[in-house]
Structure formats: structure tokens, C-alpha cells
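First the structure, in the form of C-alpha cells, and then the observations on it.
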């Protein structure tokens, strides 16, 4: 018994225990478990410290899964040891995860091709424009994530708890869908590489078959749990670094005659100058088409946020990990683009017979002639199979060992596909648990100690498989850019809106952001959506509007303390203050009624009667004078009754000793905008179940 009492005393905030290291003067008290078992929040607080623990929105939420945390009492072991400690740390689960998802299929298979089309200058413009959007989005994410605890399903969780379910739920659904598409994009890139290595003959169908088999294997890895997935990511990261080092070493190795035949000549100033300006070709030959194909390579910045529920310290890891990942990946993109455009010509035949040493009598023109090769015949007929503009596997040719580049492609594509396959179900699981949309809660069920959404994995597997069957990477990439730009735009807008509404609950620990840069990034994201693929942007906005209309119509019973609520309060306060300066005029006369209904549901006839001449466009106040001996009715239930009856009215109650006194006080506390009130009272009816003097 004594041991149990000691354990209880150890768990109660404010009760000192022997091992708490509290000074004998009694200046500090143990604040107990403040943030669901996090060790850093088990702090000691001074008696003279005016700061209280930060309020948790779960204790204000209503019918959501997070709001039900407060409905059960924690056990003694949970109070003593805290909740389940998440196991993923900053280095191995956030920065590496972000870098792996950014270093995807586009870097290896499309960045050299984009450089050949857009030229070095415009390619750098594309990279820097992408970095501007992702960096500002990262600062917005850091601000939102450090404003409170972020659970699993991070991107959806942040938008919904900041902007509300009206916009949060549609974006959560679209972002989960975008992650599934990104998984299919990287799987198709992996399948393309395997097809080229095996030299298969049926290009499209081989990509479909290889991609399907690969996706099944990735699904099996995710079923093994988060720990196995994290270990696989570390192995992928090591392989990817080795392949990048191998590429940069290969650029300084003097090329053999075989490599010269396919267009690689080492660092030369004339090649750099020739590739400086754009040379758009084919159906994809435009600046914004190149931009839309490249942009998915910058979309991995939220991969760590999507699994932030598994992090030890989300508030500290998200800003550092995201910004460092953006810096290193941007640097690698710039180096790859500049180095490959300084060493490889745009067109090459791959034939040793085109060497001028063998055919010096054949006239030729162009850059290749200065380098000792004649590629004029394939350039003029557009039949060149190699070179920067024609061969997607050019990095393998330039590198010291092509096999290491192939391993790097496998690591980049598989790691990104695996990361997106893990992120998408976790986002969707959080949306399912909030019960915003019907018929999707089936996919939100979690299994195991990490609450893995196995049913969500299967759903995202089916979606990714459907897009793998397209078999064309250049077709899938612009669609992914569209969905991610929409998500980034809403994230930046939510940060801007939360800042300008000046909500008391908006106190992010991360301060290095500006609401106006967030607004600029949101505007830029929405504009680029239409410049990339206008019809996809229209479809996306139509879907968002339909989903938004459904949530607005259903009005889910949640209370998340969103910036929209703060904005509505600011507007109502501003309009109310402006009305005080408006003079009365007969043209603007509206009847304003104080109706002594008691509980409104007791006198529905009186409520309906007054509603016939207020017409929902004039002020109506249902007053309830409660005698001291009578119990008070639930205000929420009575307000819900008025809303269900579609009566636009305020409800207020007042405790008084008599009807006369209560009516007198209610008239005195009327709103300032109601200068003249009509007082309405019903006749006493013997059919009422209340005593005559009970309430009105």
C-alpha cells in the first residue's frame, strides 16, 4: 500500500518526491507530465513563474479522434512513465527522409534532359523558382508545426487545425492522392531503368510489368513496420551518396573514344557556351513544360512532416531537417545541371565511324567538328540516339562506373517511392479518424503498436498501381506538380491567415517567417498550377470546391480553434464597432426583439411568431430568466435547437429572483447596436409543464 501511495504522489503535479531534485527551499514544483510523455516537458516550474503549461486543443475539441483522448483516465503506469515514446530521431528519420524524397527519379533521368532543352540559364531559373516556393513553404510549415503538437498525418493536420475542416479536409484528401501519384512516378522511373539495363523490346508494357512487381515488394516492406522502413531508407541514402560521388569523379576522368562517340568530351568551355541557351524540341519543348516535369523533384520537403507523429521532437526537427534538406539537394541539382552541360553535347550518334580521324574528307559543321566528330547526319535527320537531349541515362555514361549510377537510381527511386507510400496512408488515416467525410472511416483503422494503417496502404497501392499502368513518366510528372502546388499554396495561405488574424493561439516558436512572403508563395503556387496544366488546375479547384461545399453544408461538430474562427470574430467586432456610428433612419429600420421564451424549445410557437417578422434579417434574442431554484438548461442544446429550426436568433440566460428583475437586467445588457428593443412575452398557458413563476 505504501509503495502505491508513493507512486501516486510521484505522479501528481505539485507534489514533491524524493528523487525530483527539488531544492529544500521549496521554490519549484514538479509540473508533471505536460506533453504526452515527452521527456523534455517534464519540467520544474517556479512558484513565481506566471507562465502556465500551453493549453492543448484536444481538451476543446468535440467529436474528433483527438478530442477523445480526454475521455478516458490514464493508468498509473502511463502517469508515471508517460505515453509511448516515439523512436525516430532528427538525423535518421527527418533530414535523410526529406533528402531521399527530394532526390528522386527526376534528378537522374530527367534533369540532364531538362538542361538540354532549357539550357543552363533557364534550368537554373527553374531550380531557383522551385526553391523559392519550397523554402517559403518550409518556413510556413515550421511556423505552424512549432505552434503546437503535430500528430501523425502532419500536412493534413496542420492545414485543418489552422484553416479549419472546410479547407483542411479537401487538401488532406488531395495531398494523400498526390503522395500516391508520387509513389507511382518513382516506381515508373525505377521500371524504366530496369528496362534499359535488361534491354527489353516492349517499352511501355515492360515498364508496367516491372512497376507492378516493384510496387508489390514496396507494399510488403511497409507492412513490416516503421522500423524496417527506416532501416531501408538509411541503406538507400548511403547508396545514393556513393552514386553522386561516382558521377562527379567521372566528370574529371578523360573520356575514352567510346564515351566520345555518345557525346561525352570532358569539361570544355565551348560545350558550356553551346548549352547555355535553350533549344526546345518535340511536344514537351516549352519552359513551363520543363518546369512542370522538374517540380516533383522538389516535393519531398513534407515527407518528414507526414510522419511527424513518429518523431521524438517534431517542433525541433521539422525546421532544421527541412531547410537543410532543401539546401543540400538544391546544391546537388545545380552542380549536376552545370557539370553535365559542360561535358556532354546535345546530339551524338554513338557510332565510332563518325570520328573525323576515320572520315576526315567528309565536310561537317557545328560543335562536334571542333571536337573531332561528325554528327551532322543524325542532327539534321533528328535520329541521334545519344547526347544530352536524346539519352535519359547520360549520367551513367559520364560517371566513373555506370553500375554505381544504376544503383543510385534504384536507391533514389525506391526510397522516394517507399517514402510516399508510407506518407499517403498516414495522411489519409488522420482524415478518416476525423470523420469529416462519410464512408472512409474503414480505411482509418490502425494495427500494431505504431497504429499502422494497413487498409490505407492497400487503398494507396491501388491508386499508385492505376497510374503505373500509364507507363509514361513525362505524363505523370505534371499531374503530381499540380496537386503538390495546390497543397503548398494552401499551407502558405494558412500561415498568412493565422498571422494576420492575430489569434491569441498563434504563437509559433519558429519566428523566421513573414506572412507576406507566405502569401506571395501561395499566389505563385496557384498561378503556376494554371501555367503548367490549366485543365488539371481547373479539375483540382473544382474538386476542392465540391469537397468544401460538402463540409460547409454538413458543418462537422468540431472545435479546433482555427484562424477562420479568429477572422470571423475580427470581422464581427469591426462591423459591430462601425454600426455604433451609424445614425438611425427610417429606410434602415428593422425590428429588434427581445423575446422572453424561457428555453426556446418550450415555446416554439412564440419563437416562430417572432421569426415571421424578423425574417432572419433582423435581431432576435431569446431570453431565459432562470429562477434561483430552477436548474439551467444546456445552452449548446438550445442553440442547436434554434439552428435545426432554422431560426436566426441569439440565446441568452439570466439568473434572477423574479421575472421583473430578470427582464429589467436583460433590457440593460442588450447589445449596443440594438438601440430600441421590442420586449415580447407569451401568455401563460395551463398546458405548460413548468410552474407559472418558473422561467420566461
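Residue numbers (the UniProt record's numbering): 1 to 696.
Note that CB positions come from ideal geometry on N, CA and C, so glycine has one too.
Using the beta-carbon count (16 or more within 10 Å), is residue i buried or exposed?
{"i": "residue 258", "result": "exposed"}
{"i": "residue 610", "result": "buried"}
{"i": "residue 582", "result": "exposed"}
{"i": "residue 452", "result": "buried"}
{"i": "residue 295", "result": "buried"}
{"i": "residue 676", "result": "exposed"}
{"i": "residue 383", "result": "exposed"}
{"i": "residue 529", "result": "buried"}
{"i": "residue 27", "result": "With a pLDDT of 37 at residue 27, under the threshold of 50, the modelled position of that residue is not reliable, and no figure is offered here."}
{"i": "residue 233", "result": "buried"}
{"i": "residue 574", "result": "exposed"}
{"i": "residue 415", "result": "buried"}
{"i": "residue 651", "result": "buried"}
{"i": "residue 705", "result": "The structure shown does not extend to residue 705, since the chain is modelled only from 1 through 696, so no value can be given for it."}
{"i": "residue 620", "result": "buried"}
{"i": "residue 510", "result": "buried"}
{"i": "residue 144", "result": "buried"}
Can you tell which of the options has the C-alpha that lies nearest to the C-alpha of residue i?
{"i": "residue 341", "options": "634, 293, 123 and 403", "result": "123"}
{"i": "residue 264", "options": "421, 371, 501 and 484", "result": "371"}
{"i": "residue 493", "options": "521, 393 and 509", "result": "521"}
{"i": "residue 155", "options": "586, 318 and 298", "result": "318"}
{"i": "residue 344", "options": "277, 267 and 416", "result": "267"}
{"i": "residue 743", "options": "607, 413, 379 and 98", "result": "Lying outside 1 to 696, the shown extent of the chain, residue 743 is not represented and no answer is given."}
{"i": "residue 354", "options": "332, 333 and 377", "result": "377"}
{"i": "residue 253", "options": "480, 203, 400 and 178", "result": "400"}
{"i": "residue 678", "options": "595, 661 and 642", "result": "595"}
{"i": "residue 662", "options": "352, 414, 548 and 623", "result": "623"}
{"i": "residue 710", "options": "458, 167, 235 and 532", "result": "Lying outside 1 to 696, the shown extent of the chain, residue 710 is not represented and no answer is given."}
{"i": "residue 178", "options": "588, 417 and 575", "result": "417"}
{"i": "residue 593", "options": "614, 109 and 489", "result": "614"}
{"i": "residue 479", "options": "659, 292 and 352", "result": "292"}
{"i": "residue 570", "options": "503, 555, 556 and 636", "result": "503"}
{"i": "residue 352", "options": "620, 565, 332 and 375", "result": "375"}
{"i": "residue 408", "options": "322, 256, 241 and 279", "result": "241"}
{"i": "residue 320", "options": "643, 135 and 115", "result": "135"}
{"i": "residue 137", "options": "557, 489 and 666", "result": "489"}
{"i": "residue 250", "options": "238, 402 and 586", "result": "402"}
State the CB to CB distance for the pair residue i and residue j, rounded to an integer number of angstroms; the pair is presumed to be in contact (CB under 8 Å).
{"i": "residue 443", "j": "residue 219", "result": "Their Cβ separation, rounded to whole angstroms, is 15 Å, which puts residue 443 and residue 219 out of contact at 8 Å."}
{"i": "residue 260", "j": "residue 113", "result": "Not quite, the Cβ-Cβ distance comes to about 20 Å (not below 8 Å), so this is no contact."}
{"i": "residue 428", "j": "residue 176", "result": "4 Å"}
{"i": "residue 262", "j": "residue 436", "result": "That belief does not hold up - the Cβ atoms of residue 262 and residue 436 are roughly 54 Å apart, past 8 Å."}
{"i": "residue 590", "j": "residue 618", "result": "4 Å"}
{"i": "residue 117", "j": "residue 389", "result": "7 Å"}
{"i": "residue 243", "j": "residue 101", "result": "Not a contact, Cβ separation roughly 16 Å."}
{"i": "residue 133", "j": "residue 524", "result": "6 Å"}
{"i": "residue 202", "j": "residue 474", "result": "About 18 Å; that fails the 8 Å criterion."}
{"i": "residue 246", "j": "residue 404", "result": "4 Å"}
{"i": "residue 107", "j": "residue 439", "result": "That pair is no contact at about 39 Å."}
Between which residues of its own chain and residue i is the CB-CB distance below 6 Å, once the five residues before and five after are set aside?
{"i": "residue 567", "result": "501"}
{"i": "residue 210", "result": "191 and 194"}
{"i": "residue 386", "result": "262, 263, 348 and 350"}
{"i": "residue 105", "result": "186, 189 and 413"}
{"i": "residue 697", "result": "Not covered by the structure: residue 697. The range shown for the chain is 1 to 696."}
{"i": "residue 648", "result": "616"}
{"i": "residue 683", "result": "none"}
{"i": "residue 277", "result": "119"}
{"i": "residue 168", "result": "159 and 160"}
{"i": "residue 601", "result": "641"}
Can you find the residues in the same chain that come closer than 7 Å, C-beta to C-beta, to residue i, ignoring five residues on each side of it along the sequence?
{"i": "residue 140", "result": "491, 492, 495, 513 and 518"}
{"i": "residue 470", "result": "476"}
{"i": "residue 499", "result": "506 and 515"}
{"i": "residue 328", "result": "99"}
{"i": "residue 207", "result": "188, 191, 192, 195 and 471"}
{"i": "residue 330", "result": "127 and 131"}
{"i": "residue 394", "result": "112, 340, 344 and 388"}
{"i": "residue 288", "result": "531 and 532"}
{"i": "residue 368", "result": "345, 374 and 375"}
Please go through the same chain and pick out, in chain order, the residues whose beta-carbon is closer than 8 Å to the beta-carbon of residue i, but skip the five residues on each side of it.
{"i": "residue 174", "result": "483, 486, 487, 540, 543 and 544"}
{"i": "residue 535", "result": "none"}
{"i": "residue 457", "result": "219, 222, 223, 421 and 425"}
{"i": "residue 366", "result": "375, 376 and 379"}
Kindly examine the ligand ATP and report whether one of its heavy atoms sits closer than 6 Å to the Cβ of residue i.
{"i": "residue 259", "result": "Inclusion of the ligand ATP in the displayed structure is not the case, the ligand content being empty and no account of it being possible."}
How do the segment 270-279 and the segment 329-348 stand: do at least 3 beta-carbon pairs fall below 8 Å, yes or no? yes
Taking 8 Å as the cut-off, does the segment 465-473 touch the segment 418-436 (at least 3 CB pairs, one atom from each stretch)? no
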